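Working notes for the structure below.
Structure follows, in structure tokens:
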């Protein structure tokens, strides 16, 4: 049977030759693993015209942890042509996350809308989500075979030594694989082999590449419940993370009728017995605060799943003829819900680099170096914030400031809460994201900005809880195009500010403009606004919430006179 790019090929061994002989034993790329990472890489490569074989050891659909997605997956799904399928699949919307008992702050929220680009992501049943991506890769022209596992790695044996330090210099030429129920081994060669096999990564194990991250050895137990209350509005679509003394819980919807409930605790090692199903139920029932959102009528409707989620990373994620993707390259604790995003982002980056090599525009050494550097940098960014999450004595502002330090390395000048939203939403170093695509998707989704100068709900901006006010402007004048954030914060003489009034620091920042006040049109607008704030700020010791409530009508009238080319996009606060 001839296999051509663009041909829909059923993924069962009985429908392909018993052996993949010449010319079918040679592919451009072989992908081991048919999860989000493998399917993303395979689809990207096939859409670029390359011949790709993808093998998945299990049979779709299959259960998997990682049901809470981040907005960073959206531009990647769009880039591989799968966005419409996922958007139409009926997965519950996710607006961000709500954190209870994390640090000194009793409760705080992360709203995806504060990242400017995407307001929502999804909660997904991974069995359905992964199968949709697997089938999408097939439709893109990938030869997809499930229930097929890699048995052996075919290294270039012209090197005599087999020690890991030497073997890392060898080239991986292909693999031997076997489909379930068939005794015969198949051999396939490829220019590149991508390992997206997760924790069981054949390449990582063969080369002994993995280091466990100290202090992040945990285990997770999770199940689905029916009849749960869920979070009340406006947080109905939030993921809940609840920290307690010896563990933390998650709760979020995965269908219109079910919620996923999980607990993450320290892993005591192989000698410690797992929790039984009844012990899991007792742990869930014993959390009084969790019960306020689970409710008395909630009923567990699945078995209890267990996964050891020791955070780890690979010292090397690419070598001659091979790349590690997703969990095969590294895994970060699920509290940031970054697993699928990190997997798909690494896969998309890797596939783009391989396309450059196969297209003759980049050397393989250069592509491997780029991938190694970019992957490790993204992993480091997320790891730095994760470590802050587990320092219980820190407040939410500390987490935000940790994110700001990460983003400042990129030369960005962003308010800490916005920095945190961008980083944990997966919108930093995301190759599939561009301003043009962001505008395109905002138009396609028909997003309408909420009424400006209005709070999201009554309790969110209460009289004693407003820490900052941020006004987001869009400048669209000739070569000066970009977003500007005008920030009003309590006065602090040690921090840089565009202007200080009696009670407030007034400043502006932008990703596109190094100094927004140096752009003539922006300068006039920003300084006029700051001057007006100085005139309104007349009461010594007034809280920001009181000031904003008192002057909001005046702001509204002022913004009706915004110059042409300057648009007020939205106003938000915390």
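In this note's numbering, the protein residues as written are 923 to 1496.
Ideal Cβ placement from N, Cα and C applies to all residues, glycine included.
Values in this document were obtained by computation on a predicted structure and should not be read as measured data.
Look at the alpha carbon of residue i and the alpha carbon of residue j, and state the distance between them as a whole number of angstroms.
i, j, result
"residue 1304", "residue 1395", "28 Å"
"residue 1431", "residue 1110", "53 Å"
"residue 1275", "residue 1030", "39 Å"
"residue 1180", "residue 1115", "38 Å"
"residue 1072", "residue 1178", "38 Å"
"residue 1282", "residue 964", "19 Å"
"residue 1492", "residue 1202", "44 Å"
"residue 1457", "residue 1140", "54 Å"
"residue 1253", "residue 1120", "9 Å"
"residue 1247", "residue 1009", "24 Å"
"residue 1464", "residue 1406", "26 Å"
"residue 969", "residue 1101", "26 Å"
"residue 1093", "residue 1052", "30 Å"
"residue 1296", "residue 1483", "44 Å"
"residue 1206", "residue 1213", "8 Å"
"residue 956", "residue 1244", "16 Å"
"residue 1149", "residue 1221", "6 Å"
"residue 1414", "residue 1423", "10 Å"
"residue 1126", "residue 1060", "27 Å"
"residue 1124", "residue 1050", "26 Å"
"residue 1409", "residue 1390", "7 Å"
"residue 1480", "residue 994", "35 Å"
"residue 1250", "residue 1036", "32 Å"
"residue 1095", "residue 1129", "15 Å"
"residue 1291", "residue 1307", "25 Å"
"residue 950", "residue 1001", "21 Å"
"residue 1461", "residue 1392", "21 Å"
"residue 1470", "residue 961", "49 Å"
"residue 1034", "residue 1040", "6 Å"
On the DSSP letters alone, give me the boundaries of the beta strand (DSSP E) that residue i sits inside.
i, result
"residue 1407", "1402 to 1412"
"residue 984", "Element bounds for residue 984: n/a, residue is neither H nor E."
"residue 1175", "1169 to 1175"
"residue 1461", "Unbroken run through residue 1461: none, as it is neither H nor E."
"residue 1055", "Run containing residue 1055: none in the beta strand (DSSP E); it sits in the alpha helix (DSSP H), 1048 to 1061."
"residue 1127", "Note, residue 1127: premise wrong, no beta strand (DSSP E); alpha helix (DSSP H) at 1124 to 1129."
"residue 992", "Premise fails: residue 992 is in no beta strand (DSSP E) and is neither H nor E."
"residue 1284", "Premise fails: residue 1284 is in no beta strand (DSSP E) and is neither H nor E."
"residue 1132", "1132 to 1134"
"residue 954", "948 to 954"
"residue 974", "974 to 978"
"residue 1427", "1426 to 1431"
Which residues in the same chain have their Cβ closer than 8 Å to the Cβ of residue i, if we skip the five residues on either side of it in sequence?
i, result
"residue 1294", "1238, 1239 and 1240"
"residue 1133", "1234, 1235, 1236 and 1237"
"residue 1485", "1443, 1446 and 1447"
Less than 6 Å between C-beta atoms, sequence neighbours within five positions excluded: which residues of the same chain meet that for residue i?
i, result
"residue 1227", "1144"
"residue 944", "Confidence is the limiting factor: at residue 944 the pLDDT is only 40, short of 50, which leaves the residue's position unreliable, though a coordinate-based value still follows. Excluding residues within five positions, none has a Cβ falling inside 6 Å."
"residue 1184", "1142, 1144 and 1172"
"residue 1024", "1165"
"residue 987", "1229"
"residue 1157", "1020"
"residue 973", "949 and 950"
Enumerate in chain order the residues of its own chain whose CB-to-CB distance from residue i is below 7 Å, with the five nearest sequence positions on each side excluded.
i, result
"residue 1005", "996 and 999"
"residue 1426", "1410, 1411, 1412, 1413, 1455 and 1459"
"residue 984", "1049"
"residue 1218", "none"
"residue 1487", "1397, 1398, 1399 and 1443"
"residue 1175", "1014, 1045, 1152 and 1181"
"residue 1169", "1185, 1186 and 1187"
"residue 1272", "963, 1116, 1245, 1247 and 1293"
"residue 1211", "1022 and 1164"
Assuming residue i contacts residue j (C-beta within less than 8 Å), just tell me the rounded distance between them.
i, j, result
"residue 1043", "residue 991", "5 Å"
"residue 1054", "residue 1007", "6 Å"
"residue 989", "residue 1045", "6 Å"
"residue 1441", "residue 1402", "5 Å"
"residue 1163", "residue 1019", "6 Å"
"residue 1580", "residue 1117", "The structure shown has nothing for residue 1580, since the chain only spans 923 to 1496."
"residue 1098", "residue 1074", "4 Å"
"residue 980", "residue 1266", "The pair is not a contact, with the Cβ atoms about 19 Å apart (cut-off 8 Å)."
By the DSSP assignment, the alpha helix (DSSP H) with residue i in it spans what residues?
i, result
"residue 1069", "Premise fails: residue 1069 is in no alpha helix (DSSP H) and is neither H nor E."
"residue 1266", "1261 to 1280"
"residue 1206", "1199 to 1207"
"residue 1002", "Careful: residue 1002 lies outside any alpha helix (DSSP H) and carries neither H nor E."
"residue 960", "958 to 969"
"residue 1099", "Element bounds for residue 1099: not the alpha helix (DSSP H) but the beta strand (DSSP E), 1094 to 1101."
"residue 1210", "1210 to 1216"
For the ligand ADP, is there a heavy atom less than 7 Å away from the beta-carbon of residue i?
i, result
"residue 1259", "For the ligand ADP, the structure offers nothing, since it holds no ligand at all."
query = Between the region 1146 to 1162 and the region 1261 to 1271, do at least 3 Cβ pairs fall closer than 8 Å?
reply = no
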